[in-house]
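Sequential numbering from 15 applies to the sequence shown in our numbering.
Backbone N, C-alpha and C define an ideal beta-carbon position, used for all residues, glycine too.
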Amino acid sequence: MSSAGFVDCHSHVVPSGDDGASTVEQGIALCRQAARHGTAVLFATPHVWPELPLTEEREESIRAAFEAVAAEAALDLRLGYELTPTAALLDEDPRRYTLAGTSTVLVEVPFDGPVDLLYLVAEHIEEAGLRPLIAHPERTEAVRADPRVAAQLADRGWALQVNGSSLLGGHGPTAAALAWELVEGRKAALVASDGHRETRPPYLDEAYAAVARRLAPEEATRMFDGSALGPGETGSMPRARPRRHRAAATGG
15 MSSAGFVDCH SHVVPSGDDG ASTVEQGIAL CRQAARHGTA VLFATPHVWP
65 ELPLTEEREE SIRAAFEAVA AEAALDLRLG YELTPTAALL DEDPRRYTLA
115 GTSTVLVEVP FDGPVDLLYL VAEHIEEAGL RPLIAHPERT EAVRADPRVA
165 AQLADRGWAL QVNGSSLLGG HGPTAAALAW ELVEGRKAAL VASDGHRETR
215 PPYLDEAYAA VARRLAPEEA TRMFDGSALG PGETGSMPRA RPRRHRAAAT
265 GG
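Shown next, in the form of structure tokens:
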């Protein structure tokens, strides 16, 4: 397997006023640590919450912080956003929120409550000719109450992203069981770190090793190499193939 590295489509390493990195220095440190753990391409995806929308002022601040972090990141840092479904998003052009270099928009399953707005926002993204990517369904109330919800989202053709930390038990046994059910049931399209801070870092190497022990090598690779993000308006994503880790190679 090539040593190019992982493509991580979900992190909060750029200071943006959310619950991720709070300074440029913290963001740089997280990026460098991710690079040491095998990540080649990392998307910074600041939250867009109902209480923290992407105003023009906030967007300017995020872009300035992104440029500062990217200059010292030691990997290919790209900008995107993570949307929490709101009715207000239905009046916006979702192209504003794409993961850079792709036609994909990251939108999370609400942690609490029903998924009605998620369906509307995902359909709005599709109507704009873009691809919704559904973040960490395994951690949410709706999916925990009825795991069929995640399968229904996948059956709509919407790619599901599970957290590597969920697979490793970092969000408890229920999230771990649901995440593995999605991975082994071939409902999840890719794994991302959703890294936020030093205590919840943007690493994928251990998750990749765990997945590679359970799936065929080529299936594991597709979940970590960016191929599930699909082609973008500016061309295909560079395919950074995960490097072979000893645990994955030995099954230990």
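Would you call the CB atoms of A101 and L66 closer than 9 Å? Indexing the sequence shown from 1 puts residue 101 at position 87. Indexing the sequence shown from 1 puts residue 66 at position 52. Their beta carbons are not under 9 Å apart, which means A101 does not touch L66 by this criterion.
Could you say which of E96, G143, E232 and W194 lies nearest to L132 if we only look at CA atoms? Mapped onto the sequence shown, residue 132 falls at position 118. Nearest of E96, G143, E232 and W194 to L132, Cα basis: E96.
Cβ-based neighbour list, L147, same chain, cut-off 6 Å, excluding 5 preceding and 5 following: One-based indexing of the sequence shown puts residue 147 at position 133. Setting aside the 5 residues that flank it on each side, L147 is surrounded in the same chain by T118, L120, A173 and Q175, each with a C-beta closer than 6 Å to its C-beta; the list follows chain order.
In its own chain, which residues sit with a C-beta less than 7 Å from the C-beta of L155, not counting the 5 before and 5 after it? Residue mapping note: residue 155 aligns to position 141 of the sequence shown, counting from 1. Strictly speaking, residue 155 in this sequence is Glu, with Leu absent from that position. Here the set comprises F125, D126 and G127.
Which partner residues does R214 have in the DSSP bridge list? In the sequence shown, the residue the question calls residue 214 occupies position 200. For R214, which the question treats as bridged, DSSP gives the partners R211.
What's the gap between the Cα of A168 and the Cα of E137? In the sequence shown, counting from the first residue as 1, residue 168 sits at position 154. In the sequence shown, counting from the first residue as 1, residue 137 sits at position 123. Cα-Cα distance, rounded: 13 Å.
Is any beta-carbon of chain D found at less than 9 Å from that of L167? Absent from the structure: chain D. Only one protein chain is present.
Give the list of continuous beta strand (DSSP E) stretches no shorter than 3 residues that lie fully inside the segment 62-140. 90-93 and 118-122
Taking DSSP as the reference, what is the three-state secondary structure of P231? Locating residue 231 in the sequence shown gives position 217, counting from the first residue. If DSSP states are grouped into helix, strand and coil, P231 belongs with the helices.
Run the CB neighbour count on S36, radius 10 Å, all protein chains shown included, and call it buried at 16 or more, exposed below. Here residue 36 is taken as the residue at index 22 of the sequence shown, counted from 1. S36 comes out exposed.
Is L91 closer than 9 Å to V28 when the C-beta atoms are compared? Here the question's residue 28 lines up with position 14 in the sequence shown. Here the question's residue 91 lines up with position 77 in the sequence shown. Cβ atoms of V28 and L91: closer than 9 Å.
Is it a yes or a no for the segment 235-244 touching the segment 201-210, going by three-plus beta-carbon pairs under 8 Å? yes
Among H61, A165, E220 and L218, which one has its Cα closest to the Cα of E198? Here residue 198 corresponds to residue number 184 of the sequence shown, with the count starting at 1. It is A165.
Who are the near neighbours of S25 in its chain, counting only those whose CB is closer than 8 Å to its CB and skipping five residues on each side? The residue you call residue 25 lines up with position 11 of the sequence shown. Taken in chain order, the residues that qualify are G34, L44, A48, L56, F57, A58, T59, A206, S207, D208, G209, H210 and P216.
Nearest-angstrom Cβ-Cβ length linking T98 and E71, presumed shorter than 8 Å: Start at 1 with the first residue of the sequence shown, and residue 98 comes out as number 84. Start at 1 with the first residue of the sequence shown, and residue 71 comes out as number 57. With 8 Å as the limit, T98 and E71 do not qualify as a contact, their Cβ atoms being about 19 Å apart.
My parser needs the beta strand (DSSP E) runs of 3 or more residues fully inside the segment 155-210; what are they? 173-177 and 202-206
Residue burial classification, P64 (beta-carbon count within 10 angstroms, cutoff 16): What you label residue 64 is simply residue 50 of the sequence shown in a count that begins at 1. Its Cβ having fewer than 16 others within 10 Å, P64 is exposed.
C-alpha gap between L144 and R109, whole angstroms: Taking the sequence shown and counting its residues from 1, the one referred to as residue 144 is at position 130. Taking the sequence shown and counting its residues from 1, the one referred to as residue 109 is at position 95. One C-alpha to the other measures close to 8 Å.
Among E73, T112 and L192, which has the Cα closest to the Cα of A14? Beyond the ends of the chain as shown, which are 15 and 266, falls residue 14; an answer cannot be given.
Inter-residue spacing [alpha-carbon to alpha-carbon] between P252 and H185: Position 238 of the sequence shown, counted from the first residue, corresponds to residue 252. Position 171 of the sequence shown, counted from the first residue, corresponds to residue 185. Low confidence applies here, because P252 scores a pLDDT of 47, under 50, leaving its location unreliable and the question unanswered by this model.
Could you please give me the residues that DSSP links to I148 through a beta bridge? Indexing the sequence shown from 1 puts residue 148 at position 134. Answer is V121 and L174, bridged to I148.
Since I believe I139 is in contact with E86 (beta carbons under 8 Å), could you give me their beta-carbon distance rounded to a whole number of angstroms? Sequence index remark: in the sequence shown, residue 86 carries index 72 (1-based). Sequence index remark: in the sequence shown, residue 139 carries index 125 (1-based). Rounded to whole angstroms, the Cβ separation of E86 and I139 is 32 Å, and the two are not in contact under 8 Å.
Taking 9 Å as the threshold (C-beta atoms), are L181 and F20 in contact? What you label residue 20 is simply residue 6 of the sequence shown in a count that begins at 1. What you label residue 181 is simply residue 167 of the sequence shown in a count that begins at 1. Taking 9 Å as the Cβ cut-off, F20 and L181 do not qualify as a contacting pair.
So which of A84, R77, D130 and V83 has the shortest CA-CA distance to Y111? Here residue 111 refers to the residue found at position 97 of the sequence shown. Closest in alpha carbon position to Y111, among A84, R77, D130 and V83, is R77.
Looking at the strands, I want to know which residues DSSP matches up with T53. Taking the first residue of the sequence shown as 1, we reach residue 53 at position 39. Per DSSP, F20.
Around the Cβ of P151, are there at least 16 other Cβ atoms within 10 angstroms (buried) or fewer (exposed)? The sequence position of residue 151 within the sequence shown is 137, counting from 1. Under this definition P151 is a buried residue.
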